[in-house]
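In the UniProt record's numbering, the protein residues as written are 1 to 129. A quick write-up on the structure given underneath.
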Amino acid sequence: MSSNEAGPIGELALQTLAMPKDTNANGDIFGGWLVSQMDLAAGIASKMATRGRSVTVAIQNVHFISPVKVGATVSCYTEVVKTGKTSVQIKVEVWTSNISIDDKPTKMADGLFVFVAIDEEGKPRPILG
1 MSSNEAGPIG ELALQTLAMP KDTNANGDIF GGWLVSQMDL AAGIASKMAT
51 RGRSVTVAIQ NVHFISPVKV GATVSCYTEV VKTGKTSVQI KVEVWTSNIS
101 IDDKPTKMAD GLFVFVAIDE EGKPRPILG
(Lines of atoms letter the chains of each structure in order from A; the text may use other names.)
(Lines give C-alpha, C1' and ligand atoms only; values in the text may rest on other atoms or scores of the structure.)
Protein backbone atom coordinates (compact mmCIF):
# COMPACT_ATOMS: atom_id res chain seq x y z
CA MET A 1 0.00 0.00 0.00
CA SER A 2 1.14 3.52 -0.68
CA SER A 3 1.20 6.35 1.82
CA ASN A 4 0.22 8.90 -0.84
CA GLU A 5 -3.36 7.72 -1.39
CA ALA A 6 -6.13 10.25 -1.90
CA GLY A 7 -7.43 10.03 1.65
CA PRO A 8 -8.73 7.72 4.35
CA ILE A 9 -11.53 5.22 3.86
CA GLY A 10 -14.64 4.98 5.99
CA GLU A 11 -15.39 6.82 9.19
CA LEU A 12 -13.11 8.40 11.77
CA ALA A 13 -13.48 6.06 14.74
CA LEU A 14 -10.61 7.09 17.03
CA GLN A 15 -8.14 9.93 17.32
CA THR A 16 -5.30 10.25 19.82
CA LEU A 17 -1.84 11.70 20.30
CA ALA A 18 1.37 9.65 20.00
CA MET A 19 3.21 10.17 23.29
CA PRO A 20 6.85 9.55 24.37
CA LYS A 21 5.77 6.70 26.69
CA ASP A 22 4.57 4.77 23.61
CA THR A 23 7.97 4.57 21.89
CA ASN A 24 10.21 1.63 21.08
CA ALA A 25 14.00 1.50 21.56
CA ASN A 26 14.50 3.53 18.36
CA GLY A 27 12.31 6.40 19.53
CA ASP A 28 9.46 5.64 17.12
CA ILE A 29 5.98 4.68 18.27
CA PHE A 30 5.87 0.98 19.20
CA GLY A 31 3.98 -1.12 16.63
CA GLY A 32 2.05 -2.92 19.37
CA TRP A 33 0.67 0.40 20.60
CA LEU A 34 -0.47 1.24 17.08
CA VAL A 35 -2.20 -2.15 16.67
CA SER A 36 -3.91 -1.55 20.02
CA GLN A 37 -5.33 1.74 18.74
CA MET A 38 -6.45 0.00 15.54
CA ASP A 39 -8.19 -2.72 17.58
CA LEU A 40 -9.98 -0.10 19.70
CA ALA A 41 -11.19 1.69 16.56
CA ALA A 42 -12.33 -1.58 14.96
CA GLY A 43 -14.10 -2.48 18.22
CA ILE A 44 -16.10 0.74 18.08
CA ALA A 45 -17.09 0.04 14.47
CA SER A 46 -17.95 -3.57 15.36
CA LYS A 47 -20.16 -2.55 18.27
CA MET A 48 -22.13 -0.27 15.94
CA ALA A 49 -22.30 -2.86 13.14
CA THR A 50 -23.35 -5.75 15.39
CA ARG A 51 -25.54 -3.59 17.64
CA GLY A 52 -24.08 -5.02 20.78
CA ARG A 53 -21.17 -6.84 22.33
CA SER A 54 -18.49 -8.31 20.09
CA VAL A 55 -14.93 -9.58 20.44
CA THR A 56 -11.83 -9.57 18.29
CA VAL A 57 -11.17 -13.05 16.90
CA ALA A 58 -8.51 -12.27 14.29
CA ILE A 59 -6.21 -9.54 13.10
CA GLN A 60 -5.15 -10.08 9.51
CA ASN A 61 -2.72 -8.41 7.15
CA VAL A 62 -1.47 -5.53 9.28
CA HIS A 63 0.89 -3.43 7.18
CA PHE A 64 3.16 -0.83 8.77
CA ILE A 65 3.94 1.67 6.02
CA SER A 66 6.07 4.20 7.87
CA PRO A 67 7.18 4.88 11.47
CA VAL A 68 4.89 7.04 13.59
CA LYS A 69 6.67 9.88 15.39
CA VAL A 70 6.07 11.26 18.88
CA GLY A 71 3.67 14.20 18.79
CA ALA A 72 1.74 12.99 15.75
CA THR A 73 -2.04 13.05 15.79
CA VAL A 74 -3.02 9.43 15.13
CA SER A 75 -6.39 8.97 13.39
CA CYS A 76 -7.95 5.53 12.88
CA TYR A 77 -10.56 5.20 10.15
CA THR A 78 -12.79 2.14 9.83
CA GLU A 79 -14.97 0.54 7.20
CA VAL A 80 -17.07 -2.62 7.54
CA VAL A 81 -16.12 -4.65 4.46
CA LYS A 82 -18.06 -7.85 5.13
CA THR A 83 -20.89 -8.91 7.41
CA GLY A 84 -21.65 -12.57 8.07
CA LYS A 85 -24.24 -14.27 10.28
CA THR A 86 -22.24 -13.70 13.48
CA SER A 87 -19.10 -11.88 12.34
CA VAL A 88 -17.89 -8.67 10.73
CA GLN A 89 -14.67 -7.81 8.95
CA ILE A 90 -13.45 -4.27 9.44
CA LYS A 91 -10.71 -2.53 7.49
CA VAL A 92 -8.73 -0.04 9.56
CA GLU A 93 -6.44 2.66 8.22
CA VAL A 94 -4.12 4.75 10.39
CA TRP A 95 -3.33 8.27 9.23
CA THR A 96 -1.14 10.76 11.05
CA SER A 97 -0.50 14.47 10.91
CA ASN A 98 1.40 16.97 12.99
CA ILE A 99 -0.56 20.20 13.27
CA SER A 100 2.37 22.11 14.79
CA ILE A 101 4.38 21.75 11.57
CA ASP A 102 1.33 21.89 9.27
CA ASP A 103 2.04 18.56 7.57
CA LYS A 104 -0.52 16.77 5.43
CA PRO A 105 -2.18 13.59 6.68
CA THR A 106 -0.15 10.51 5.75
CA LYS A 107 -1.25 6.87 5.76
CA MET A 108 0.95 4.94 8.19
CA ALA A 109 -0.69 1.51 8.55
CA ASP A 110 -3.70 -0.59 7.64
CA GLY A 111 -5.16 -3.94 8.57
CA LEU A 112 -8.20 -6.18 8.59
CA PHE A 113 -9.88 -7.03 11.91
CA VAL A 114 -12.48 -9.78 12.40
CA PHE A 115 -15.03 -9.60 15.21
CA VAL A 116 -17.72 -12.02 16.36
CA ALA A 117 -20.94 -10.79 17.95
CA ILE A 118 -21.52 -12.50 21.31
CA ASP A 119 -24.35 -12.81 23.80
CA GLU A 120 -24.26 -12.33 27.59
CA GLU A 121 -22.67 -15.77 28.02
CA GLY A 122 -19.90 -15.11 25.49
CA LYS A 123 -21.43 -17.35 22.82
CA PRO A 124 -21.71 -16.25 19.17
CA ARG A 125 -25.03 -14.62 18.37
CA PRO A 126 -26.68 -13.56 15.12
CA ILE A 127 -26.05 -10.00 14.02
CA LEU A 128 -29.27 -8.05 14.23
CA GLY A 129 -30.32 -6.47 10.94
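Heads up, the beta-carbon is just placed ideally off N, CA and C, and yes, glycines get one too.
If the five residues before and after Thr50 are omitted, its C-beta is found closer than 8 Å to the C-beta atoms of Val88, Phe115, Ala117, Ile127, Leu128, all from its own chain and listed in chain order. If you draw a 10 Å sphere on the C-beta of Gln37, you find 16 or more other C-beta atoms in it, and that means buried. Per DSSP, Ala42 lies in no beta strand (DSSP E) segment; the continuous alpha helix (DSSP H) that holds it begins and ends at 31-50. Sequence-distant Cβ neighbours of Asp119 in its own chain, meaning closer than 6 Å and more than five residues away, are Arg125. Contact check for Val94 against Lys107 passes: the beta carbons are separated by less than 9 Å. Around the C-beta of Val55, fewer than 16 other C-beta atoms lie within 10 Å, and the residue is accordingly described as exposed. With distances taken between CA atoms, Asp110 lies nearest to Ile59 out of Thr16, Phe30, Asp28, Ile59. In the structure shown, the three-state DSSP call for Asp110 is strand.
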